[in-house]
Amino acid sequence: MKQIQLITLLFFFLLLSGCVEREILDEIILMEGIGFDYVEGGDITGTILYPDYKKETEPENVTYSATGEIMKTILQDIERQAARPIAFGSLEIVIFDLELAKKRGILDLIDAFQRDPAIGSGIYLAISENKAKELFKGEYGLRGNARFISMLIDHNIRHEDLPKTNLQRFMGDFYQQGKTPYLPLIKQNSKTKIELSGVALLKYGKIVDVVSNEQSFFFKLLADKYSNGLHRVEVDGKEAAVQSIISTNRFELTSRDPLHITVHIKIGGTINEFTGNKLTDSFIKKIEKKFEKEIQKHCTQLIKRFQEKEIDPIGFGHFVKSKTRNFDFNQWWDSEYSQMEVTIKPVVTIDEEGIIE
Amino acid sequence: MNRGVVMNKPIPEQKKVAPFMLFYIVASIQIGVGILSFQRDLVKVTGYDGWISIIINGIGTIILIWMIVQMTTTIEGDLLDIVSFSLGKWISKLIGLFYMLYFSLFSITVLRNYVEMIQVWMFPKLPIFWFSLVILLLVLYVVYGGFRTVAGISFFSFFLPMYIFPLFLFTVPHADFTNLLPIFDHSVKELFFGSYQMSLSILGFESILFVYPFLKEPKKAIKWAYLAIIFTISIYLYLALLSFSYFSEAQLVKNHWPTLTMWKIIRLPFVERFEYIGIATWCLIVLPNICISLWIASRLAKQIFFIRQKQALLFISGIVLIVTSMIMKRSQVLFVSQLLGKIGFFANYCFIPILYFITMFAKKVKKQ
Chain A
10 MKQIQLITLL FFFLLLSGCV EREILDEIIL MEGIGFDYVE GGDITGTILY PDYKKETEPE
70 NVTYSATGEI MKTILQDIER QAARPIAFGS LEIVIFDLEL AKKRGILDLI DAFQRDPAIG
130 SGIYLAISEN KAKELFKGEY GLRGNARFIS MLIDHNIRHE DLPKTNLQRF MGDFYQQGKT
190 PYLPLIKQNS KTKIELSGVA LLKYGKIVDV VSNEQSFFFK LLADKYSNGL HRVEVDGKEA
250 AVQSIISTNR FELTSRDPLH ITVHIKIGGT INEFTGNKLT DSFIKKIEKK FEKEIQKHCT
310 QLIKRFQEKE IDPIGFGHFV KSKTRNFDFN QWWDSEYSQM EVTIKPVVTI DEEGIIE
Chain B
4 MNRGVVMNKP IPEQKKVAPF MLFYIVASIQ IGVGILSFQR DLVKVTGYDG WISIIINGIG
64 TIILIWMIVQ MTTTIEGDLL DIVSFSLGKW ISKLIGLFYM LYFSLFSITV LRNYVEMIQV
124 WMFPKLPIFW FSLVILLLVL YVVYGGFRTV AGISFFSFFL PMYIFPLFLF TVPHADFTNL
184 LPIFDHSVKE LFFGSYQMSL SILGFESILF VYPFLKEPKK AIKWAYLAII FTISIYLYLA
244 LLSFSYFSEA QLVKNHWPTL TMWKIIRLPF VERFEYIGIA TWCLIVLPNI CISLWIASRL
304 AKQIFFIRQK QALLFISGIV LIVTSMIMKR SQVLFVSQLL GKIGFFANYC FIPILYFITM
364 FAKKVKKQ
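Chains A and B are the protein sequences, given in the same order.
For the first sequence, the numbering used here begins at 10 and goes up steadily by one.
For the second sequence, the numbering used here begins at 4 and goes up steadily by one.
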């Protein structure tokens, strides 16, 4: 009796294994990047990028492009050009061209990425100053272009001035009523070089403003709980490069009427480079003071700018909401946000100065 | 005389299970498919205050368990004994029939939801019928082994998938815990409605009413029942707090399976997408759900219609298989789930308290 049961069970398992579609790695295209470009007239050109692995050489970057209205029709067109089915599972990077992000908005294109269960929420979205099609055709690294771009973003989040970003954070910020999302902005310098050129700030899927590389250090101080990065401070004609090792920010609601928020920023850093002769304690004090002043100036400027453009990438709205019961977002965006006063209170401590005086 | 004995022969000692097994039975039937999407319905009503609703619901459920324990220990029997003691034999058959259908619907809902999950997340072409057939064959195999095997399966299905729960912590680096503030941003009415929504997800503890006669030293098992509720409530709280801080409110409402979507952030060097492993593991969580509910349904059929439990089980599984394969669309799956939720709410949160008061009253009257 037991044996018969076991045999029937095994029989059905064998039967069932034929019920679903097989996907063998060598017989599919593992798309790693996808890009969208604006075309005159409102259509979009989509370009997919995948590495074609060959024996003993670097993978070749292969791209396919098609033009259409929504992402899936573009993909359908691309499938018509491809010899193997395209799989989404290892997608790493989605690029939107700047013109598209300015004129048409990118929201309707992102829907498909959220909806597809095969796509992770840790993928990076980025905006490119060049056409995505051109961007993908370059040769940037040994591991394929998509890997290179995603590693570039990852590295800059971990060690430099780019605040944390990925698909989940972008969508989370978008759906959060008291916040607007941001995305990294990249630029192709030559056929083999790309660079991060700033942070794009969006509202309803369209680019409203761009934070330049010079200011992205200050932007990260505000937008990200922890950050590191390098900033150059000039005191008495001598320059010092201060590397922030740990930094934290804390928001405080100092008064409700009129609305006033204090942002406490704490930085602990070391001096990496100094053009003067000797670093004395009193001079380090001066550098700290100067650095604090600059943080104050730049951060206040940034916030003023955000208020004018009615965007809130830092999430002040969300912060005030978390302190207020029955919070009214309509009123917030109508009047409160633009009238809000923000004071920045930075504290910089330079603990180390490298291995020489 | 105790009239319950008319219907039930006492259970032989070798068919009973140790008291602590009640913990695994209750915990494993409570954690099923509801846990994958409960945040969504909760947030629709209570926003980020949903966790308060979970606690309210937990307290309510503990009170219900207390009532169940009071009834089972005074009557020393299962639900049918209790009802026939307080309301008479015929009503007990009617109630038994109701619970039989309810537990059959329970297994249909769990099975169909699981199949849907596989279809959407992994294999769109998976045929409902064949997959359900294989799962049900497995369930038949388990339930044929008797109650001890069913309890054993729930024991394993509790421990084997345990590794899944710490994996949700991958969301913490992207979480914003200030989302939870301000606390009590919703009215008491909304919070209670939220805990009603919650009650749909933690159905299953009423199984205590049916497994009671199968416990050795039932008095010792009581504390395990309470512990099981505390355990499931804390699992739900844990997932709620993580998903509330990870998703923003509108985003959470958009997601069909927030618990699964949280896994999308996981990226391990050896596996690109964790959901595939997770959903496969979920089979182990779903299995005891179906086993226990079909065991209860078939046992009720045995008690009501005086047929052999194995025959009843075959018949009920056949119906479950047919109904499961007839549910085609997502809207229908949702409809069945909501139907089960409503019936379950009535069966647990309305019927059990009423039965409790009637039983206590009947006991007093009979004493005099």
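Even for Gly, the Cβ is constructed at its ideal location relative to N, Cα and C.
One thing to note: F195 (chain B) has its Cβ within 8 angstroms of the Cβ of I59 (chain B). Excluding residues up to 5 positions away in sequence, F227, L230, I274, I276, I353, P355, V357 lie with their Cβ nearer than 8 angstroms to the Cβ of I304 (chain A) in the same chain.
The beta-carbon separation of I361 (chain B) and L100 (chain B), rounded to 19 angstroms, does not stay under the 8 angstroms limit for a contact. The DSSP-derived three-state label of F226 (chain A) is helix.
Per DSSP, D46 (chain A) is not a residue of any alpha helix (DSSP H); the beta strand (DSSP E) it occupies stretches across 42-47. Within the same chain, G238 come within 7 angstroms of E169 (chain A) by CB-CB distance, once the 5 residues on both sides are set aside. A30 (chain B) places its beta carbon less than 8 angstroms from that of A231 (chain B). If you draw a 10 Å sphere on the C-beta of F168 (chain B), you find fewer than 16 other C-beta atoms in it, and that means exposed.
Under a 10 Å Cβ-count criterion, E297 (chain A) is classified as buried, with 16 or more other Cβ atoms of the shown protein chains found around its own Cβ. Residue burial annotation: Y47 (chain A) is buried, with at least 16 other C-beta atoms found within 10 angstroms of its C-beta.
In this structure, the CA atom of F132 (chain B) is about 36 angstroms from the CA atom of E252 (chain B). Taken in chain order, the members of the segment 273-290 of chain B whose beta-carbon sits within less than 8 angstroms of a beta-carbon on chain A are E275, R276, E278. Less than 8 angstroms separates the beta-carbon of S206 (chain A) from that of L194 (chain A). With fewer than 16 other Cβ atoms from the protein chains shown falling within 10 Å of its own Cβ, G321 (chain B) counts as exposed. Apart from the 5 residues on each side of it in sequence, K173 (chain A) sits with its Cβ closer than 8 angstroms to the Cβ of I166, D233 in its chain, given in chain order. For D52 (chain B), not one C-beta of chain A is nearer than 8 angstroms to its own C-beta. Residue state for T271 (chain A) is assigned as strand, using DSSP reduced to three classes. R241 (chain A): member of the beta strand (DSSP E) spanning 238-244, first to last residue. Out of B:P13, B:I98, B:M24, the CA that lies nearest to the CA of Y229 (chain B) is found in B:M24. Residues of the segment 310-336 of chain A whose Cβ lies closer than 9 angstroms to any Cβ of chain B, in chain order: G324, H327, F328, K330, S331, K332, T333, R334, N335, F336.
Listed along chain A are P126, each with a C-beta nearer than 7 angstroms to that of V123 (chain B).
Nearest Cα to M120 (chain B) within the set B:S40, B:I66, B:S56, B:I293: B:S40.
Only P185, F187, D188 from the segment 185-210 of chain B bring a Cβ to less than 8 angstroms from some Cβ of chain A. Per DSSP, the continuous beta strand (DSSP E) segment holding G77 (chain A) begins and ends at 69-77. Contact annotation, H327 (chain A) with Q185 (chain A): C-beta distance approximately 6 angstroms; criterion of less than 8 angstroms satisfied. Annotation: the segment 253-334 of chain A contains the following complete segments of the alpha helix (DSSP H) (minimum length 4 residues), in chain order: 290-318, 325-330. Nearest in C-alpha terms to P272 (chain B), of all of A:S99, A:K215, A:N198, A:L18, is A:S99. For the pair W285 (chain B) and P126 (chain A), the CB atoms are not nearer than the 8 angstroms cut-off. According to the DSSP assignment, V220 (chain A) belongs to the beta strand (DSSP E) that extends over 215-221.
The beta carbon of N198 (chain A) sits closer than 7 angstroms to the beta carbons of E204 from its chain, once the five residues preceding and following it are set aside; these are given in chain order. I158 (chain A) has its alpha-carbon roughly 25 angstroms from the corresponding atom of R93 (chain A). Counting along the chain, E143 (chain A) sits inside the alpha helix (DSSP H) bounded by residues 141-145.
For E204 (chain A), the enclosing beta strand (DSSP E) stretches over residues 202-212. Here DSSP, grouped into helix, strand and coil, assigns K247 (chain A) to strand. Runs of the alpha helix (DSSP H) lying entirely within the segment 134-165 of chain B and spanning at least 4 residues, in chain order: 150-162. For A365 (chain B), the uninterrupted alpha helix (DSSP H) segment begins and ends at 355-370.
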